[in-house]
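Chains as they are written, first to last, in the working numbering: chain A, -9 to 354; chain B, -9 to 354. Note that the Cβ used here is the ideal one computed from N, Cα and C, for glycine as well. See structure below.
Number of protein chains: 2
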Amino acid sequence: MTDVATGALSSVLVVGTGLIGTSVALALRAHGVTVYLTDRDPQALRQAVDLGAGDPTAPPGQVDLAVVAIAPSATASVVSGLVAANAAATVIDTCGVKADILRTVRASAGGAAHFVGTHPMAGRERSGPLAARGDLFEGHPWVIVPDGVDPGSLARTEALVALCGGVPVHLGAAEHDVAVALVSHVPQVAASLVAARLADGEDETLALTGQGLRDTTRVAASDPDLWVEVLAANAEPVARILDALRQDVDHVISALHEVGVDPEWGRTALREALVRGNAGRARLPGKHGGRQTPYVLVPVVLPDRPGELARLFATAGEAGVNIEDVAIEHSPGQPVGLVELSVAPGAEQRLADALTARGWQVHA
Amino acid sequence: MTDVATGALSSVLVVGTGLIGTSVALALRAHGVTVYLTDRDPQALRQAVDLGAGDPTAPPGQVDLAVVAIAPSATASVVSGLVAANAAATVIDTCGVKADILRTVRASAGGAAHFVGTHPMAGRERSGPLAARGDLFEGHPWVIVPDGVDPGSLARTEALVALCGGVPVHLGAAEHDVAVALVSHVPQVAASLVAARLADGEDETLALTGQGLRDTTRVAASDPDLWVEVLAANAEPVARILDALRQDVDHVISALHEVGVDPEWGRTALREALVRGNAGRARLPGKHGGRQTPYVLVPVVLPDRPGELARLFATAGEAGVNIEDVAIEHSPGQPVGLVELSVAPGAEQRLADALTARGWQVHA
């Protein structure tokens, strides 16, 4: 994490200790900001507190900034409540659709120039405080809707984004909603529908699944209740893009039918669709995600019996090497698996030597 | 790699030293099988030879088995040539679509009961001999189409799959083609079309791309020429599933339009589509083919310093619990991380108790 001054922020209230709220809290705590936490679910609150995300008591007075990170449908009313109670100098929300909430809050709270709509473009398919990470936002875009916001609140919001390592992007609410329809909401619908086609597949068929399908449908595991809210709040932009997508599907179906009739035309049409897919894919920006620490992988063959991992990590510990990440590959019924240890660059040789000396099979 | 007898195979000819052919050759060499290699590209051939995949000279006589691992469009004629020349006791191919090739070969080579259509369900994003790995097929399904095959050829094919560590799956050609349309070809088309929608997006919009879109469209970067061949060879099954997918897209578009008119109906329809996506996604087998083993997660808070993991695993080992998988979440600069230990159902309480007794913070 880069060293950022806390700016105007010394105290922050996080409302909602789910993935986003707890991740914000962890990032702020790492910079010494005083963080108060609240959640209507006592277990989620306790988990966030145990992770060191902040203090579950009520703030003694007005905080510098309140972050509302709860379900979209509850956001406008909770924000309006905080605005009415004068609980924070600035209130921000983190919902994935902006026009609806801004319209509601500005209407119900007389302008509310100290409310700022924001959207951190980071997430995981898992939710809840246990999935939270202080570097969740590191290097990711964080949309801020500046319209109708007072300068102090804009500055406090920018300070929060900076403390979280996010990259601030100023966008109008409507522009934001069209953009996320394209890069997030329509891909979610497509992934869900492709996955839905598998629901009635034969076991025999599904056994042929490869990594491509796993990747294509990963987000289909997302929370339906959350996504109903997102899609409903952004219905028109999503429907418009889905309509174009449906026409593209039609075109491919026609091309497939033509392959047996006019192979030249059919193949050319298929190729164009695939080439256009290449072009779209190539436009995606590189991975932003969490400060790409270039860890080095050390693959080690591991006998599949209790105690082996302990022995492996003990050897790593004795060698003074900190294991940054672990991935275990093993097939049920196979006597050995493969463990990939991630270590900081420079430590790999020391680790490999120590492991080899203790009889491990290391693939350098 | 498990110890497998070479069975009926002592000599194998690999035609095509790309990713698949070279990986087969490497697996066979590891078991001491004599492997002859050929490729019309001299550089690919030399690279495979340098990797120790086999011998680039012509076999001195009939080999036990010939593996044809070349482009789909050239496969039927090369197979027919090998059959006509009586070059091998058994000839197999490795193409991703089976009915077309089998029809052509069986028609042109008078039955050719010693030709076996197969499809190893393994691959990488990289191609060519340098991407080859002797363990590429380890634990992956390998489809064998047994119809019209003589018993000796079936046995030799099974022996080859076993030597490569693959899991043999017997399927009819038509069943195979429908299955791969569902789990591979339609997901490819969907990914390409979602990616294609981005081709004209604003830079500002594309800057908001997250990991979900990256995953959903990863396979859209695939080779269009290869995929035109695959889709054209499997046009009818792919078109049929795309047709169903198009209807699902229509239904979601209607639901989105209804959200503003009949919110109850609109939201229910959206939710059903998303829930069905969850159900399909949940049916995907785990990394190695088999059903997802239902491990139980035990999340533990972990101080971020060397030796802590070793201490954690030592405690698990003392409790006699086998750790099946580990995921470590930690953010640079944060004092604690979270480790998720996967254990067999039933072992979680014993592990949690043992860890708690040693002072670990366990979130059950």
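- Here DSSP, grouped into helix, strand and coil, assigns residue 195 (chain B) to helix.
- Contacts with chain A (Cβ-Cβ distance below 7 Å) from the stretch 203 to 222 of chain B involve 203, 204, 205, 206, 207, 208, 209, 210, 211, 214, 217, 218, 221 and 222, listed in chain order.
- Within the stretch 112 to 196 of chain B, the runs of beta strand (DSSP E) that reach at least 3 residues and sit entirely inside it are, in chain order, 131 to 135 and 157 to 160.
- Taking 8 Å as the cut-off, the Cβ atoms of residue 106 (chain B) and residue 132 (chain B) do not count as close.
- At a cut-off of 8 Å between C-beta atoms, residue 46 (chain A) does not count as an interface residue with respect to chain B.
- Assignment of residue 107 (chain B) by DSSP, reduced to helix, strand and coil, places it in the strand class.
- A straight-line Cα-Cα distance of about 13 Å links residue 301 (chain A) and residue 291 (chain A).
- Straight across, the Cα-Cα distance linking residue 76 (chain B) with residue 293 (chain A) is about 44 Å.
- Restricting attention to A:262, A:8 and A:119, the CA atom closest to the CA of residue 189 (chain B) is found in A:262.
- The C-beta distance from residue 158 (chain A) to residue 148 (chain A) rounds to 6 Å, short enough to meet the 8 Å contact threshold.
- Contact between the stretch 263 to 277 of chain A and the stretch 243 to 261 of chain B is not established, with fewer than three Cβ pairs separated by less than 8 Å.
- In this structure, the CA atom of residue 10 (chain A) is about 51 Å from the CA atom of residue 90 (chain B).
- The C-alpha of residue 341 (chain B) lies about 19 Å from the C-alpha of residue 327 (chain B).
- Under the three-state reduction of DSSP, residue 238 (chain A) is assigned to helix.
- In the structure shown, residue 318 (chain B) falls within a strand segment according to DSSP collapsed to helix, strand and coil.
- For residue 335 (chain B), there is no enclosing beta strand (DSSP E), as DSSP marks it with neither H nor E.
- Under the Cβ distance rule, residue 353 (chain B) counts among the residues neighbouring chain A, one pair being separated by less than 8 Å.
- The closest CA to that of residue 331 (chain B), considering only B:15, B:136 and B:289, is found on B:289.
- When rounded, the separation of the alpha-carbon atoms in residue 192 (chain A) and residue 137 (chain B) is 20 Å.
- For residue 247 (chain B), the nearest beta carbon of chain A is closer than 8 Å to its own beta carbon.
- When rounded, the separation of the alpha-carbon atoms in residue 176 (chain B) and residue 196 (chain A) is 14 Å.
- By the C-beta criterion, the stretch 79 to 96 of chain A is judged to be in contact with the stretch 42 to 55 of chain A, since at least 3 inter-stretch pairs fall below 8 Å.
- Between the stretch 233 to 250 of chain A and the stretch 232 to 244 of chain B, the count of Cβ pairs shorter than 8 Å is three or higher; the stretches touch.
- For residue 260 (chain B), no beta strand (DSSP E) run applies; the uninterrupted alpha helix (DSSP H) run containing it begins and ends at 253 to 272, by DSSP.
- One alpha carbon belongs to residue 96 (chain B), the other to residue 102 (chain B), and they sit about 6 Å apart.
- Listed along chain A are 120, each with a C-beta nearer than 8 Å to that of residue 289 (chain B).
- With its beta carbon at least 8 Å from every one in chain A, residue 10 (chain B) lies outside the interface.
- At a cut-off of 8 Å, the C-beta of residue 31 (chain B) has no neighbouring C-beta in chain A.
- Inter-residue distance for residue 143 (chain B) and residue 0 (chain B) is about 14 Å (C-alpha atoms, whole angstroms).
- With a threshold of 16 other beta carbon atoms within 10 Å, residue 119 (chain A) meets it and is buried.
- Put simply, the backbone Cα of residue 21 (chain A) is about 26 Å away from that of residue 30 (chain A).
- Contact annotation for residue 303 (chain A) against chain B: 299, 300 and 303 [CB-CB distance below 7 Å, chain order].
- At a cut-off of 8 Å between beta-carbon atoms, residue 60 (chain B) makes no contact with chain A.
- Shown in chain order are the members of the stretch 167 to 181 of chain A whose Cβ falls below 9 Å from a Cβ of chain B: 168, 169, 170, 172, 173, 174, 176, 177, 178, 179, 180 and 181.
- For the 8 Å CB-CB criterion, residue 271 (chain B) and residue 211 (chain A) form a contact.
- The alpha-carbon of residue 269 (chain B) is positioned some 23 Å away from that of residue 183 (chain B).
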